[in-house]
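Take a look at the structure below.
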Amino acid sequence: MNAAPKPLRQFSDLDEAGLIPAEKRAALEQVAARYAIAITPAMEALIDRDDPNDPIARQFVPDPAELDVAPQERADPIGDHAHSPVEGIVHRYPDRVLLKLTHVCAVYCRFCFRREMIGPDAEPLTAAQLDAALGYIAAHPDIWEVVLTGGDPLVLSARRLRAVMARLGAIEHVKVIRVHSRVPIADPARITDELVAALKVDGKAIYVAAHANHARELTAAAREACARIVDAGIPMLSQSVLLAGINDDPQTLAALMRALVECRIKPYYLHHGDLAPGTAHLRTSLERGQALMRELRGRVSGLCQPTYVLDIPGGYGKSPVGPSYLSRDGEGRTQVEDFNGGLHCYPPKP
Ligand SMILES: *Cc1c(COP(=O)(O)O)cnc(C)c1O
Ligand code: SF4
25 MNAAPKPLRQ FSDLDEAGLI PAEKRAALEQ VAARYAIAIT PAMEALIDRD DPNDPIARQF
85 VPDPAELDVA PQERADPIGD HAHSPVEGIV HRYPDRVLLK LTHVCAVYCR FCFRREMIGP
145 DAEPLTAAQL DAALGYIAAH PDIWEVVLTG GDPLVLSARR LRAVMARLGA IEHVKVIRVH
205 SRVPIADPAR ITDELVAALK VDGKAIYVAA HANHARELTA AAREACARIV DAGIPMLSQS
265 VLLAGINDDP QTLAALMRAL VECRIKPYYL HHGDLAPGTA HLRTSLERGQ ALMRELRGRV
325 SGLCQPTYVL DIPGGYGKSP VGPSYLSRDG EGRTQVEDFN GGLHCYPPKP
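So the sequence shown is numbered by the working numbering: it starts at 25 and just counts up by one.
This is the structure:
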């Protein structure tokens, strides 16, 4: 019997798996020395080695273009540091905080906005730091929601998650706990009944927001993992990143959103690519993103519509940047555009 397949974590693993073309060797060795790598067996199995533009490979296999850092790119693209009152907490909006328990992920996405902060070597939150982070939440009654992120919180054991959830559950003013994770899709075998049970806390609303960027990621195993979560009474949302050459065409985006909705996952955000170092080759323009959102609006069910958002560089938070359907005609009258591009006047309020 073969041993269970292992994630690819090093340059040498990728090399043995046939994912390092000879002509890119030297450059990719440099990329691997700089940024974390992990590809789970579930994601590796999806890579089509005959397709040089395979959308799964593009997300996880390093690219020499990562060595090109554009002047506008930054180590902390969305300004987390400026809003971090204690280690592990980011408090940007009044009613909600991020709680980052770990810097480890199941897979490392080449476009990751926290790529300078995450990886297997980054220090996890210590017990004392976790106490301080939970103390901060307990001391701020305006915090209505806690978003577990990282890194990926679902790489933690069920035992550790259960303990953190119980402590959050004991904070009266926290009503909602949201878990942001790539694991249900990238490493679905981790979503055991025990792990799902560990996420549930009496008296709190728990949500899981899964990260997926291409319909092919929603394999049978991923769909089963998501069904385990939803069947346990935990609603699911999705987050996707708009990525050049991966999902920046209308058919691919529509297929992704439909696949999510079929899994009872409500598309929540489509993120414009952040200015993370060495990711320019994976970013699109805002105009392209708006055009794609327009096509999606005309093409697929309202259930399949995410909000297109930009995290404003510097720490100012997220803003919706989708297209507007309202405009004015030559005489200043309000007009609204329909899904076919037709314009219709709308009367002013008398
Ligand atoms: C993205 C983010 C959130 C969550 O924002 P929502 O719009 O509620 O999904 C919360 N805090 C910080 C610091 C964030 O970056
Ligand atoms: S799973 Fe999220 S935090 Fe981890 S590498 Fe991917 S984008 Fe970054």
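C-beta: ideal position from N, C-alpha, C; glycine also.
Starting from Met-260, follow the beta strand (DSSP E) in both directions and report where the run begins and ends.
260 to 265
Buried or exposed: Asn-271, going by 16 or more other Cβ atoms within 10 Å of its Cβ?
When all chains shown are included, Asn-271 counts as buried.
Along the chain, where does the beta strand (DSSP E) that runs through Glu-361 open and close?
Glu-361: member of the beta strand (DSSP E) spanning 358 to 361, first to last residue.
What are the start and end residues of the alpha helix (DSSP H) that includes Ser-343?
Where Ser-343 is concerned, there is no enclosing alpha helix (DSSP H), although the beta strand (DSSP E) it sits in stretches over 342 to 344.
By how many angstroms is the C-alpha of Phe-363 removed from the C-alpha of Thr-276?
19 Å
Note down, in chain order, each residue of its chain lying with its Cβ closer than 7 Å to the Cβ of Arg-307, except the 5 sequence neighbours on either side.
Ala-268, Gly-297
For the region 29 to 58, which segments carrying the beta strand (DSSP E) assignment without a break, of at least 3 residues, lie completely within its bounds, in sequence order?
As far as the region 29 to 58 is concerned, it has no whole beta strand (DSSP E) run of at least 3 residues.
For Cys-369, which three-state DSSP category applies?
When DSSP states are grouped into helix, strand and coil, Cys-369 belongs to the strand group.
Which residues does DSSP list as the beta-bridge partners of Thr-14?
No answer is possible for residue 14: the residues shown for the chain start at 25 and end at 374.
Mind checking Ser-181: buried by the 16 CB within 10 Å criterion, or exposed?
By the 10 Å Cβ count, Ser-181 comes out exposed.
How far does the alpha helix (DSSP H) with Asp-255 in it extend, from its first residue to its last?
244 to 255
What ranges does the alpha helix (DSSP H) occupy inside the region 181 to 237, keeping only unbroken runs of at least 4 residues that lie completely in it?
For the region 181 to 237, the full-length alpha helix (DSSP H) segments reaching 4 residues or more read 182 to 193, 207 to 210, 217 to 223 along the chain.
DSSP three-state call for Pro-291: helix, strand or coil?
Assigned with DSSP and collapsed to three states, Pro-291 falls in strand.
On a Cα-Cα basis, can you pick out the residue from Asp-87, Val-179, Pro-76 that is closest to Phe-135?
Asp-87
Pick out whichever of Ile-44, Ile-258, Gly-365 has its Cα sitting closest to the Cα of Lys-290.
Ile-258
My assumption, with CB atoms under 8 Å, is that Arg-206 sits in contact with Val-131. Please give the rounded CB distance.
6 Å
Any heavy atom of ligand 2 inside 7 Å of the beta-carbon of Ile-289?
no
Would you please state the rounded distance, in angstroms, between the beta carbons of Cys-129 and Phe-84? I believe it to be under 8 Å.
11 Å between Cβ atoms; not a contact.
Going by DSSP in three states, Ile-63 sits in which element: helix, strand or coil?
Here DSSP, grouped into helix, strand and coil, assigns Ile-63 to strand.
Using alpha carbons as the reference points, say which of Ile-142, Lys-48, Leu-125, Leu-327 lies closest to Ile-61.
Ile-142
Rounded to whole angstroms, what is the Cα-Cα separation between Gly-322 and Arg-288?
21 Å
Give me the DSSP bridge partner(s) of Val-114.
Leu-122
Looking at the structure shown, is Pro-374 part of a helix, part of a strand, or coil, going by DSSP?
coil
Is any non-hydrogen atom of ligand 1 found closer than 7 Å to the C-beta of Val-198, if you look at the structure I gave you?
no
By the DSSP assignment, the beta strand (DSSP E) with Glu-169 in it spans what residues?
169 to 173
Kindly indicate which three-state DSSP category Asp-335 falls into: helix, strand or coil?
strand
Return yes when the C-beta of Met-171 is under 7 Å from any heavy atom of ligand 2, and no when it is not.
Note on identity: in this sequence residue 171 is Val, with Met being the wrong assignment. Not under cutoff, so the answer is no.
Please determine whether the Cβ atom of Tyr-231 lies at a distance below 7 Å from any heavy atom of ligand 2.
If you check the C-beta of Tyr-231 against ligand 2, you find no heavy atom less than 7 Å away.
Kindly confirm or deny that the region 230 to 247 and the region 195 to 215 touch, where touching means at least three C-beta pairs closer than 8 Å.
yes
Report whether the distance from the Cβ of Val-179 to the nearest heavy atom of ligand 2 is below 7 Å.
no
Apply the 10 Å Cβ neighbour rule to Met-25 and answer buried if 16 or more other Cβ atoms are within range, or exposed otherwise.
Note that Met-25 scores a pLDDT of 48, beneath 50, so its modelled location is shaky; the value from the coordinates is reported in the next line. So Met-25 ends up on the exposed side.
Which one of Ala-213, Ala-94, Ile-63, Gly-174 has the shortest CA to CA distance from His-80?
Sequence inspection shows Ile at residue 80; the His mentioned does not correspond to that position. Comparing Cα-Cα distances from Ile-80 to each of Ala-213, Ala-94, Ile-63, Gly-174, the minimum goes to Ile-63.
So, for Glu-248: in the same chain, excluding its five sequence neighbours on each side, which residues have a beta-carbon less than 6 Å away from its beta-carbon?
none
Output needed for Gly-341: all residues of its chain with C-beta closer than 8 Å, excluding positions within five of it in sequence on either side, in chain order.
Arg-116, Tyr-117, Asp-335
Shortest alpha-carbon distance to Leu-125 belongs to which of Ala-162, Glu-169, His-164, Thr-173?
Answer by Cα proximity: Thr-173.
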